[in-house]
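Asks: As you go down the protein sequences, you meet chains A and B in turn.
So that you can map any letter, position 42 of the first sequence is 76 in my numbering, and since no number is skipped, the others follow by simple counting.
So that you can map any letter, position 170 of the second sequence is 1557 in my numbering, and since no number is skipped, the others follow by simple counting.
Note that CB positions come from ideal geometry on N, CA and C, so glycine has one too.
After the structure tokens below, expect a handful of questions from me.
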Amino acid sequence: MQTKQHSILLSLALLAALILSACTAAAPAAAPTAVPQATAAPTSSVKIGLVTDVGRVNDRSFNQSAWEGVVQAATALGLQEGDGYKYIETQDSKDYADNIQQFIDADFNVIVTVGFALGEATIAAAKANPEIYFIGVDQFQGETLPNLTGLVFYEDRSGFLAGALAAQLSKTGTIASVLGTDLVPPVVAFGQGFELGAKYINPNIQVISTYHPGEISQAFTDPEWGAATAKQALDQGADVIFGAGGITGNGALQEVATAPGAGTDVFCIGVDTDQWETLPAAHPCLVSSAMKLITPAVVELINTYSADSKMTAGNYFGGAGLAPFHDFDAKIPQEVKDKLKEIATALESGSLATGYGQ
Amino acid sequence: MMQRTLRITSYVAILLVLLFVLMTLLVNLTPLGENRWLRIFFSVSALNFTLRASVPLILGALCGILCERTGIVNIGIEGMMLAGAFAAFVAKTSTNDWPLTASLIFGVLVALLVGGLMGLLHATFAIRYRMDQIISGTVLIILAGGISAYLFDRDAVAQGKFGAIAIPGLSQIPVLGEVLFTNPPLTYLALLLVVVIHVGLFSTRWGLRSRACGEHPRAADTVGINVNRLRYMNTVLGGMLAGLAGGFLVLEAVGQFQEGMTAGRGFIALAAMIFGNWMPFGAMSAALLFGYTQALQNELLLAGVTSVPRQFVSMIPYLVTIIAVCGFVGRVRPPAAEGQVYEQESGSE
């Protein structure tokens, strides 16, 4: 009898375990939303759905940046969360197509998919549903579809700026990058840009870099590999480390932050977002981040669509650049800042090419 | 016969290690180090990486050995590790205002406690409720992944982590001192535990009884050993070791927690345990080998060697595993009663 009671308790515990693991999706994204002004804004027929890459919507990285863009655009349109705009968190890479289909079945007409890995599923869905507008963040489009925008960035440019900064900070003449995986083109662009930028400042600088050996699903979620690899690079005399690879890269930044001489002799540079905001543990060494500005680009694309029903076909290039220096602002010499500004302007105007992909 | 093969393998291993040490000394102290390839294989940075990458694998494998030697299959090492890591992080962040050492030690203790509780859960499922042990292990992995992701507060920052302690005297030895005797405390502890568990398993009453439970529980029961109590105890101890591996990741290696940060180390530890033939020193060697191949991959990339495609470099650990397991197959033998529920014969029969 007692055993039976225990069995029931046990089953409940297991059930709770399953529910809890499923619950990771339930946490609402704490994006800075204003209270939606349902009455003030014009009623719109736009319904925006966002499918994240594997991970959570408040990951302080891609998913969150894209979602913040959706929230901003939707709030301006007076949409209600749940009804007018919502997200689905992907739990497993096998679910990409199903998650997109859920939005299609629920009559959403703008679907944002976040991440390179969703590229194929997005293209397939866009071909099957020509009346729905798709935005694929980080998905370069080789073939132009009328209802699909590939939101891409000049990662090589922000990597180039990061490399230029690193080369000017380095005293040992060796800098390093700890990268996610070369299976994802934007990561390669960041890495190559970093090297080219460093060589642009100092042709003799030694740039050492390494990619995570695992497959895509592991390459961005292994902070200890990033940390140990950063240590390996420090052991080899590198004094500025560029960590580009999600949580793996974060591990590298955290390692540098706790290394002897952090912030005086050794520095680190983050990636994607302004990591000063997203990774407080890296503050001791974080001079800047090579950013891609996802949020404003998503807002821009959604606004273009809702205002004129115009679907931007092909690729749309969002902004890219260096994040502010924050606490290191006073420690970075003015001539370094001037040089970076000069390079950024030249890259923008086209008078300077990074040399990536040539 | 078995004994003799074992002895020969040990001699070969020791010889290889000595050769390796000699090469390392030569490369780092003589002009031999100017050779790029030798530097890739024997540089200090590669050896530091190797040891560091092996520690969680060693602890995880020891956890597996303790459980499986008494007859409980444990594929949930990954979950126990993750739970330990998360517990250590929570403990560390909530005691940030304590003195650093106290706070870190508190973190280690909490990691041990939570790891032990995970072990207890596994043992309860496996022994009391006679659940399939593979399923129970899977449940632990899902449970730890779900709860830690759900409760993880991204704004929390753990301040400080274990720093390296140089052992006086020994750390002055060139090269070896830097690699072996200038490490943070949990690394020393992991290496020490290998010896302790080896001696415990093969030279104490507890070890003999544990192994009896894993090989032939009925025989053990007949001579009056409480099989299930011993299985409970060893699974809890094993859980504590896996928890310690998680604590290592948070308190000594990365310094912070991230979701899913164990990244498959529990499974690689399992492979190290099998590869090491359920022996502590064997598992340690396997873990070091896995760590070394990882280090080698990085060294090659960092040295800018592009003549070998990166994908081939990534294959090294798996190739080594396959070759090694093939070479040793037939010798590797799991405990006989592994995974079998034992019904104690109290009273009847």
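I want to see whether chain B comes within less than 8 Å of D129(A), judged by CB atoms only; does it?
Replies: No, because no Cβ of chain B sits closer than 8 Å to the Cβ of D129(A).
Asks: By a C-beta neighbour count over all protein chains shown, 10 Å radius and 16 as the cutoff for buried, is E1565(B) buried or exposed?
Replies: E1565(B) comes out buried.
Asks: Are the CB atoms of D126(A) and K205(A) within a distance shorter than 8 Å?
Replies: Not closer than 8 Å, so no.
Asks: Taking the alpha carbon of F1407(B) as the point to measure from, which residue in V1562(B), M1505(B) and T1511(B) has its own alpha carbon closest?
Replies: The residue with the shortest Cα to Cα distance from F1407(B) is V1562(B).
Asks: Threshold first: 3 residues or longer. Then list the beta strand (DSSP E) segments lying entirely within the region 146 to 220 of chain A, N to C.
Replies: Listed in chain order, they are 167 to 171, 182 to 187 and 208 to 213.
Asks: Shorter than 8 Å from the beta carbon of P62(A) to some beta carbon of chain B?
Replies: Residue placement at P62(A) cannot be trusted, given a pLDDT of 40 that sits under 50; what the coordinates show is reported in the next sentence. Cβ-Cβ to chain B under 8 Å: no for P62(A).
Asks: Here's the rule I'm using: 16 or more other beta-carbon atoms within 10 Å means buried, otherwise exposed. How should F1589(B) be labelled?
Replies: Its Cβ having fewer than 16 others within 10 Å, F1589(B) is exposed.
Asks: For R1618(B), count the other beta carbons within 10 Å of its own beta carbon; 16 or more makes it buried, fewer makes it exposed. Which is it?
Replies: That one is buried.
Asks: Kindly provide the ranges of any alpha helix (DSSP H) runs that are 4 or more residues long and lie completely inside the region 303 to 373 of chain A, ordered along the chain.
Replies: Counting whole runs of 4 or more residues, the region 303 to 373 of chain A contains the alpha helix (DSSP H) stretches 309 to 312 and 328 to 342.
Asks: Please work out which residues of its chain come closer than 7 Å, Cβ to Cβ, to L1530(B), disregarding the five sequence neighbours upstream and downstream, and give them in chain order.
Replies: Counting only Cβ-Cβ distances below 7 Å, and skipping sequence neighbours, we find G1466.
Asks: Are T338(A) and M325(A) touching if we call contact CB-CB under 8 Å?
Replies: No, these two residues do not count as a Cβ contact at 8 Å.
Asks: In the DSSP assignment, what are the bridge partners of L84(A)?
Replies: Paired residues: Y121(A) and V146(A).
Asks: Report the option in D1542(B), G1630(B) and H1509(B) whose CA atom is closest to the CA atom of G1524(B).
Replies: If we check each option's Cα against that of G1524(B), H1509(B) comes out closest.
Asks: Whose C-alpha, out of Q202(A), L195(A), I157(A) and L185(A), is nearest the C-alpha of D369(A)?
Replies: Strictly speaking, residue 369(A) in this sequence is Glu, with Asp absent from that position. That would be Q202(A), whose Cα lies nearest to the Cα of E369(A).
Asks: Which residue marks the beginning of the beta strand (DSSP E) containing V274(A), and which one marks its end?
Replies: Per DSSP, V274(A) belongs to the beta strand (DSSP E) from V274 to A278.
Asks: Thinking C-beta only, is A100(A) closer than 8 Å to V171(A)?
Replies: Result yes, Cβ atoms of V171(A) and A100(A) sit closer than 8 Å.
Asks: Under DSSP, the alpha helix (DSSP H) around V1526(B) begins and ends at which residues?
Replies: Residues Q1520 to L1538.
Asks: Any beta carbon from chain A within less than 8 Å of S1694(B)'s own beta carbon?
Replies: No, because no Cβ of chain A sits closer than 8 Å to the Cβ of S1694(B).
Asks: I'd like the span of the alpha helix (DSSP H) that includes S1597(B), first residue to last.
Replies: Counting along the chain, the alpha helix (DSSP H) containing S1597(B) begins and ends at R1592 to E1602.
Asks: For G1431(B), go through chain A and note every residue whose CB falls closer than 7 Å to its CB, in chain order.
Replies: According to the sequence displayed, residue 1431(B) carries Val and not Gly. D269, listed in chain order.
Asks: Does the beta carbon of Y121(A) come closer than 8 Å to any beta carbon on chain B?
Replies: Not one chain B Cβ lies under 8 Å of Y121(A).
Asks: Going along chain B in order, which residues have a C-beta closer than 7 Å to the C-beta of S99(A)?
Replies: Neighbours of S99(A) on chain B: none; closest Cβ ~15 Å, over 7 Å.
Asks: Pairs of beta-carbons, one from the region 1470 to 1483 of chain B and one from the region 1543 to 1551 of chain B, closer than 8 Å: are there three or more?
Replies: Yes, since at least three Cβ pairs between the region 1470 to 1483 of chain B and the region 1543 to 1551 of chain B fall closer than 8 Å, the two stretches touch.
Asks: Using a 10 Å radius around the Cβ and a threshold of 16 neighbouring Cβ atoms, would you call I1445(B) buried or exposed?
Replies: Answer is buried; the Cβ neighbour count reaches 16.
Asks: Which residue's Cα is closest to the Cα of N1685(B): F1699(B), P1418(B), A1673(B) and I1514(B)?
Replies: Selected option, being the one with the closest Cα: F1699(B).
Asks: Tell me whether F301(A) sits in a helix, a strand or coil according to DSSP, three-state version.
Replies: Three-state DSSP puts F301(A) in a strand.
Asks: For F1635(B), which option in S1441(B), N1621(B), W1485(B) and G1678(B) has the closest C-alpha, if you only look at C-alpha atoms?
Replies: Nearest option by C-alpha distance: S1441(B).
Asks: Among all the DSSP beta bridges, which residues are the ones paired with S243(A)?
Replies: Bridge partners of S243(A): S211(A).
Asks: Between E258(A) and chain B, is there a C-beta pair that is closer than 8 Å?
Replies: Chain B, which has a Cβ nearer than 8 Å to the Cβ of E258(A), makes this yes.
Asks: Does R1720(B) pass the burial test, meaning 16 or more other C-beta atoms within 10 Å, or should it be called exposed?
Replies: Exposed, because fewer than 16 other Cβ atoms sit within 10 Å of the Cβ of R1720(B).
Asks: So, helix, strand or coil for I1552(B), using DSSP?
Replies: Residue state, collapsed to three classes: strand.
Asks: What residues of chain A sit near G1647(B), judged by a beta carbon separation below 7 Å?
Replies: Residues of chain A passing the Cβ test: T255.
Asks: Among G1471(B), Q1645(B) and L1405(B), which has the Cα closest to the Cα of L1628(B)?
Replies: Residue G1471(B) is the option with its Cα nearest to L1628(B).
Asks: Quick one: what does DSSP say T1488(B) is sitting in, helix, strand or coil?
Replies: DSSP places T1488(B) in helix when its eight states are reduced to three.
Asks: Excluding the 5 residues preceding and the 5 following R1426(B) in the sequence, name in chain order all residues of the same chain whose CB lies nearer than 7 Å to its CB.
Replies: The residues are V1414 and G1420.
Asks: Against chain A, which members of the region 1639 to 1669 of chain B pass a CB distance test of less than 7 Å?
Replies: Answer in chain order: A1640, V1641, G1642, Q1643, Q1645, G1647, M1648, A1650 and G1651.
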